[in-house]
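A short worksheet on the structure shown next.
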C-alpha cells in the first residue's frame, strides 16, 4: 500500500510540524536562536527563551603562563614560623635542607616533633580548664617517593635515637597490645614512614575502641580497661597512668583517604592531628656525597637536641607560665576565631577551630623550648607564631583532607570531575578532564555547567590555542574576621589581635596579617638581671668518632625559674 503525507499547497511556507526544541538536545544559545528564527517567520513555537548561561557569557582568555600561575597560587600554601637562625627548628632545617630536597614543612615538623618527643608528662601549662602538655601527633602527607616523606621521618627518628638511646621501630599493635604496653611504659613515641597498613587495621573489629583510647592518651588522661576473663581466669586489668605519647606518621593522601573515615574526625581523634600537606612545586636536588658542611650542621643539631633533652630530664617538673599580656592575647585570638567559625555553621570547621586552641598552646610551648636560651615563659611572640601556623596552615590542610575524604567519585559525577581537576593541580584542559572523568559528553557538560554556576570552577580560554580550561575557584566558606578591620601588614603593635583575617581557601589564604612579619624579640627570659648573674652554665665537650657524636658531661642550658606574677 502506498503511503502519502500531507503537505501545504505550493507557494505556502512549509515547515516540519514536529518541532522538538528541548534543552536536553540543544545548547541554550542554539535553542534560543531557533526560537528567534521561528518567531521571525511568524510562527509561535509555544516556548520561552532560556536564560543566558556561562556557556553563552563572555569567557576570559588567559595565556599558558597565566594558567600555570593560577595553578601555583592554588597549591602555594606554606608553613611559615619566622624563627631566628639560633632556634633549634632553624638549625635542624638548615641541616636537612643541605641533604634532601624534601618539603620544608616536613623538616619544620620533624624538628618540632623532636622537641615534643624529648618532653615527658610533667612538662605542662596549667590552665583553669585543663592541663596542656606539648605532645603532638603529626601526619606528613605527600606523593610517594618524590615528596621525600620517608627521608624526613627517618632523619628525625635517627636524631631521637642518637640523643635518647631509645630505639624507635615501625610498630604495629592491636588495641589490647597497645594498652598493655602503655601500662608498662606510659611514655611512648611512635614513628612510621608509611602508616597506611596500620591505618587499615585500626578499623578492624578486634581494634574496637581504639579511637577513644587515643583521644584519652593524647589528652594525658589516666585510663583503665578491664577485659573479660576466659574460663576460670580472673579478668585482665590494664591501668595507664600519666601517659605521654607523640606520633610522627607519613603516608600518601590517597592512602589516608582510602583507609580513614569521617568518623575518625567526628570522634575527635584526627582533630588532634597536625596535618602537613604541601602541594606546591619544590626545587629538586641532585644526588651527591656528604660534605664537611653537612657533617658540621649535623653536629650542631645533635648538640642542641641533646641540650634540650638533658635540660628537660634534669628537671622533675617543667611548668610553663605566661609572659606579660600573653594569656590575654591568647584568649582574644582563640575567642575571635571561634566566633568567626560559628557564623559559617560548618560542624567540621567549628570542631577544627575548637581543637586549634590547644594546638596553638602546644606549639608555643615547643617554640619556647627550642630557643637558644630555653624558656618556660610563653610570650606573645610565640603565641603569635603558633597561631599564625595553625590558622593559616594546619586548619586549611585538615579541611582539604576532609573535603577529599567526602568525595564520592563512584556515584557522584560532580565529585568525580572535581577529583580530576584537583589531581591536575587545580586547572585542566577540557579534553583531558573529559577523558580522565570517564563520563559521557552529555553528563560531563551538565556537570561542568553546574560547577560553573555554583562558582566551584571557572571556565577560561587559552589565548593561543583557544582551548577551554577549567580552574578551581577559592572556597566561599572562609572564616570572616573582617570585624578586626586590618589596617596594615606591618602594624606597630604586632600583638594586637584586632587585625586578624583567616580563611581556609586554597587560592587566597587570608591569615593573621599582623602576625605575618613579626619582629621577634631576642627570646631573653623575663627575669631580672640579678637572677641572670646567678645562672650556672655547664660546658659541653664534643667528641667525634667515625661520623658519630658523643656528648660528654651535660650540655649548655640556662635553668628557668618561675616568673613573678
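Numbering (the numbering used here), first residue to last: 47 to 611.
The beta-carbon is built from N, C-alpha and C at its ideal position, and this holds for glycine as well.
When the Cα atoms are used, what is the spatial distance from residue i to residue j?
i	j	result
residue 284	residue 236	20 Å
residue 528	residue 229	Residue placement at residue 528 cannot be trusted, given a pLDDT of 44 that sits under 50; what the coordinates show is reported in the next sentence. About 49 Å.
residue 138	residue 226	35 Å
residue 466	residue 344	42 Å
residue 245	residue 142	28 Å
residue 475	residue 505	10 Å
residue 113	residue 348	45 Å
residue 259	residue 270	10 Å
residue 612	residue 218	In the structure as shown, the chain starts at 47 and stops at 611, and residue 612 therefore has no counterpart that could be examined.
residue 338	residue 146	16 Å
residue 295	residue 201	13 Å
residue 441	residue 448	11 Å
residue 265	residue 293	13 Å
residue 388	residue 381	11 Å
residue 185	residue 324	12 Å
residue 350	residue 445	35 Å
residue 544	residue 122	Reliability fails at residue 544, whose pLDDT of 36 lies under 50, so the model's placement of it is uncertain and the value that follows must be treated cautiously. When rounded, the distance between both Cα atoms is 26 Å.
residue 376	residue 429	7 Å
residue 207	residue 214	7 Å
residue 481	residue 468	15 Å
residue 192	residue 304	20 Å
residue 497	residue 451	19 Å
residue 360	residue 194	35 Å
residue 378	residue 328	36 Å
residue 306	residue 420	38 Å
residue 135	residue 151	11 Å
residue 300	residue 470	14 Å
residue 221	residue 274	15 Å
residue 140	residue 257	36 Å
residue 85	residue 490	32 Å
residue 81	residue 87	10 Å
Are the Cβ atoms of residue i and residue j separated by less than 7 Å?
i	j	result
residue 109	residue 509	yes
residue 78	residue 95	yes
residue 105	residue 494	no
residue 319	residue 233	no
residue 411	residue 180	yes
residue 473	residue 116	yes
residue 485	residue 503	no
residue 198	residue 148	yes
residue 432	residue 406	yes
residue 155	residue 322	yes
residue 253	residue 238	no
residue 460	residue 415	no
residue 483	residue 462	yes
residue 358	residue 164	yes
residue 439	residue 125	yes
residue 281	residue 272	yes
residue 352	residue 209	yes
In three-state terms, what does DSSP make of residue i?
i	result
residue 28	Beyond the ends of the chain as shown, which are 47 and 611, falls residue 28; an answer cannot be given.
residue 506	strand
residue 304	helix
residue 418	coil
residue 347	helix
residue 24	Given that the chain is displayed from residue 47 to residue 611, the structure contains no residue 24 and the question cannot be resolved.
residue 149	coil
residue 518	strand
residue 373	helix
residue 213	coil
residue 412	helix
residue 197	helix
residue 360	coil
residue 496	helix
residue 389	coil
residue 265	coil
Any idea which residues DSSP pairs residue i with across the strands?
i	result
residue 166	The partner list for residue 166 (beta bridge, DSSP) is empty, contrary to what the question assumes.
residue 423	367
residue 237	294
residue 273	282
residue 474	516
residue 667	The chain is shown from 47 up to 611; residue 667 falls before or after that span and cannot be answered.
residue 178	171
residue 336	Partner(s): none; residue 336 has no beta bridge.
residue 108	508
Is residue i close to chain C? Criterion is C-beta to C-beta, closer than 7 Å.
i	result
residue 125	Absent from the structure is chain C; it holds one protein chain and no more.
task = Would you check if there are 3 or more beta carbon pairs closer than 8 Å linking the stretch 417-427 to the stretch 388-402?
result = no
message = Does the contact criterion of 3 or more C-beta pairs under 8 Å hold for the stretch 349-368 versus the stretch 164-176?
response = yes
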